[in-house]
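Student:
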Amino acid sequence: MATKSTTDSKDQSTDPSNPPFIWAPEKPTGASSEKLCIDEILQKYCGEFGRWQLRHFVLTSLAWALEAFHTMIMIFADREPEWRCLDGAAGWGCDPDATSVCRLEPGSWEWVGDSTVVEWGLFCADKFKVGLVQAVFFGGCMIGAGTFGHLSDSVLGRKGSLTVVCALNTIFGTLTAFSPSYSFYILFRFLTGCSTGGVGLCAFVLATEPVGPSSRGTTGMCTFYFFSSGIAILSVIAYIFPTWRKLYIASSIPSLLFLLFILPFISESPRWYLVRGRKSEAMKVITAMATANGNHIPKGVRLILDHQSPQLPPPPISSLSCNSIQEQVLAEVNSLSESQNHGKLISDSILLDSPKGSTCNGAVAGSLVDVIRSPLTRSRLILAVVINFLCSVVYYGLSLNVVNLDTNLYLTVILNAVAEMPAFMITAIFLDRWGRKPLTIATLWFSGVFCFAGSLVRNVGVWKGVRMMCGILGIFGMAGTYNLLFIYTAELFPTVVRNAALGCATQAAQMGAILAPLVVVMGGSFPFMTFAMCGLGGGFFAFYLPETLNQPLYDTLTGMEATENSITSSIV
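For the sequence shown, the positions run 1067 to 1638 when the working numbering is used.
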């Protein structure tokens, strides 16, 4: 019998009509195996927001302060400082009560302070060059958001992308301090913008992905306290280093410190590990998380992608990734009787020899093309881009109007940063009560209504205070919306394309930031009327977005589509 079995086995392996086995079915190990996606394992074993997540969140979110440094430094470095008339005969022709130096006799006055405006004469006819630097910086942010959004979803990962942008910020920020001319200055600001554009989105996704569904919204809102705090800290740094070159160096050093002393203690996102097919590394992070939180994960627990969950209907083979095909085939093989295994393995070997099967590498990849290709995510992306653009026009536009107060510059910046914090707190309180969609609509319309009221008020007498209050209330509402959109946009897309989609929405926001100063320059009631239309229009578009409150954070497009289709089918 033994000889006959051996002979049959040899004949079978040499017979070309019988394809070789790709793998043998797994034998039962005797230990119970539990397959869970990341949200399920966080809820059941790790804890949704424990000590590990708190430490990870705080360390990662410190990067937001770095983004604030490199973005808002233009307020101090590119400001137009105070001026004074020269004493004696040299000051002849100088009017100390003049509101501008443009009509004063050249050589009869001097600047009091240091900035790029003083060094390269960026005033009067060349004042537009200050705005040009700002626009170029935000243009770089737009490019960087798209670039690092894709890289953080693919080869670099969340932590790898954050490492790269912090290193580039250190280099380009320091080089800006040594700019020999305006041309080099604008070049280095553009390059700094390219790297700064990736800081916020990488830090946000990395900080919130390890958090469970019930705590993710509130946690995401809290990230923006770090940005506002960074603005306030920058004001103190600028007061200590009043010269613009020293200020650029001082504001770049924190990026280097973050790179050397903070990033080594930050873990890569387990979700990114999982979708890249690196399950052992994902499980290592999850296990460390559970241990730090005082919990324990049983040995039989395995991580799976959301579309592999037994609670979902099986998706078509053509939509599955490589490793998903292999796992589905193995699951089917193990469920068959011994007499059925041979035929099943032969048929599945044909599948795995096909182009779809031959490209298997164990990773699930995605790009912006996949987002656009899917009808479900395409409509979400278009709406997210439009709403982020409109929100950014209002947020940055109103910020420019509010800071134009005749007060101490450093104190004004600190007060504006602090004024945004109540909006974050109120939004965080109602985020998990009202949901993302109603809160987005409410804050957009709140801002839009007060902007419309501001457009009806003339800027004379006591009405100046009324218009200023309308602007403050408008930015109060839009600050909550602007930061809420980060959470909402991140939850609208699965892990494989989350940063790519978020980067696209951030690019749209940077476009709004570029256009906002052009609206403010028009003066009169036009800016407030424009901001009102943007706010009210953004709320209208938000009606077409789905609610994501208490919904799972999907890993793959397949898992998202399978769930949405099953929900639609049950309703019908």
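Beta carbons: idealized from backbone N, C-alpha and C, even for Gly.
(1) Classify R1121 as helix, strand or coil using the three-state DSSP reduction.
(2) Only counting the same chain, and skipping five residues up and downstream in sequence, which positions put a Cβ closer than 8 Å to that of V1202?
(3) Report the residue from V1585, I1363, S1321 and R1368 whose alpha carbon sits nearest the alpha carbon of S1261.
(4) Check whether the segment 1525-1541 and the segment 1303-1310 touch, using three or more Cβ-Cβ pairs below 8 Å as the test.
(5) For L1267, which of I1209, F1597 and A1598 has the nearest alpha-carbon?
(6) In whole angstroms, what is the alpha-carbon distance linking G1540 and L1102?
(7) Since W1158 is in the beta strand (DSSP E), which residue starts that stretch and which ends it?
(8) Express the C-alpha separation of A1298 and S1333 in angstroms, rounding to a whole number.
(9) Consult DSSP for V1460 and reduce its assignment to one of helix, strand or coil.
(10) If I measure Cβ to Cβ from F1516 and keep anything under 6 Å in the same chain, skipping five residues before and after, which residues do I get?
(11) Report the residue from D1192, V1196 and P1147 whose alpha carbon sits nearest the alpha carbon of W1175.
(12) What separation, rounded to the nearest whole angstrom, lies between the Cα atoms of P1583 and F1594?
(13) Using a Cβ-Cβ cut-off of 8 Å (strictly less than) and excluding sequence neighbours within five positions of D1180, which residues of its own chain qualify?
(14) Counting only the same chain and skipping the five closest in sequence on each side, list residues whose C-beta sits under 6 Å from that of T1561.
(15) Is DSSP giving R1010 helix, strand or coil here?
(16) Check whether the segment 1599-1615 touches the segment 1233-1252, counting contact only when three or more Cβ pairs, one atom from each stretch, lie closer than 8 Å.
(17) Who are the near neighbours of E1171 in its chain, counting only those whose CB is closer than 8 Å to its CB and skipping five residues on each side?
(18) Within a Cβ cutoff of 7 Å, which residues of the same chain sit near L1128, ignoring the five residues on either side of it in sequence?
(19) Grab the span of the beta strand (DSSP E) containing C1151 for me, first residue to last.
(20) For K1530, count neighbouring Cβ atoms within 10 angstroms of its own Cβ and tell me buried if that reaches 16, exposed if not.
(21) Return the chain-ordered ranges of every alpha helix (DSSP H) run that is complete within the segment 1226-1285 and spans a minimum of 4 residues.
(22) Over what stretch of residues does the alpha helix (DSSP H) that includes V1351 continue unbroken?
(23) Out of curiosity, what's the CA-to-CA distance linking V1437 and G1212?
(24) Buried or exposed: which applies to Y1548, given that a residue is buried once 16 or more other Cβ atoms fall within 10 Å of its Cβ?
(25) So which of F1518, A1545 and G1543 has the shortest CA-CA distance to V1038?
(26) Measure the C-alpha to C-alpha separation of A1243 and T1182 and round it to an integer number of angstroms.
(27) Given a cut-off of 8 Å, decide if S1440 and L1623 are closer than it, judged by their beta-carbon atoms.
(28) Mind checking A1450: buried by the 16 CB within 10 Å criterion, or exposed?
(29) Is the distance from the Cβ of Y1554 to the Cβ of T1493 below 8 Å?
(30) If you reduce the DSSP assignment to three classes, tell me which class R1342 lands in.
(31) Tell me whether E1334 sits in a helix, a strand or coil according to DSSP, three-state version.
(32) Am I right that S1433 and A1566 are in contact with their C-beta atoms under 8 Å? What's the rounded C-beta distance?
(33) Between the C-alpha atoms of M1287 and H1122, what's the straight-line distance to the nearest angstrom?
(34) For K1195, name the three-state secondary structure that DSSP assigns.
(35) Identify whether M1577 lies in helix, strand or coil by the three-state DSSP scheme.
(36) First and last residue of the alpha helix (DSSP H) that includes E1176?
Tutor: In brief:
(1) helix
(2) I1252, R1255, F1256 and G1259
(3) S1321
(4) no
(5) I1209
(6) Computed Cα separation, rounded: 44 Å.
(7) Counting along the chain, W1158 falls outside any beta strand (DSSP E), and DSSP gives it neither H nor E.
(8) 28 Å
(9) helix
(10) Sequence-distant partners of F1516 (beyond 5 residues in either direction) whose C-beta falls short of 6 Å from its own C-beta, in its chain, are C1536, L1539 and G1540.
(11) P1147
(12) Distance between the alpha carbons of P1583 and F1594: 13 Å.
(13) P1147, P1308, T1309 and W1310
(14) R1337, V1341 and D1621
(15) Outside the modelled stretch of the chain, which goes from 1067 to 1638, sits residue 1010, for which no answer is possible.
(16) no
(17) W1158, G1159 and C1160
(18) F1292, F1324 and I1328
(19) E1148 to C1151
(20) exposed
(21) 1248-1262 and 1265-1274
(22) K1345 to A1358
(23) Each residue's Cα considered, the two are about 14 Å apart.
(24) buried
(25) Given a span of 1067 to 1638 for the chain in the structure shown, any question on residue 1038 remains unanswerable.
(26) 11 Å
(27) yes
(28) buried
(29) no
(30) In this structure, R1342 counts as coil in the three-state DSSP scheme.
(31) coil
(32) 6 Å
(33) 15 Å
(34) helix
(35) It is helical.
(36) That residue, E1176, is in no alpha helix (DSSP H); its beta strand (DSSP E) goes W1175 to V1178.
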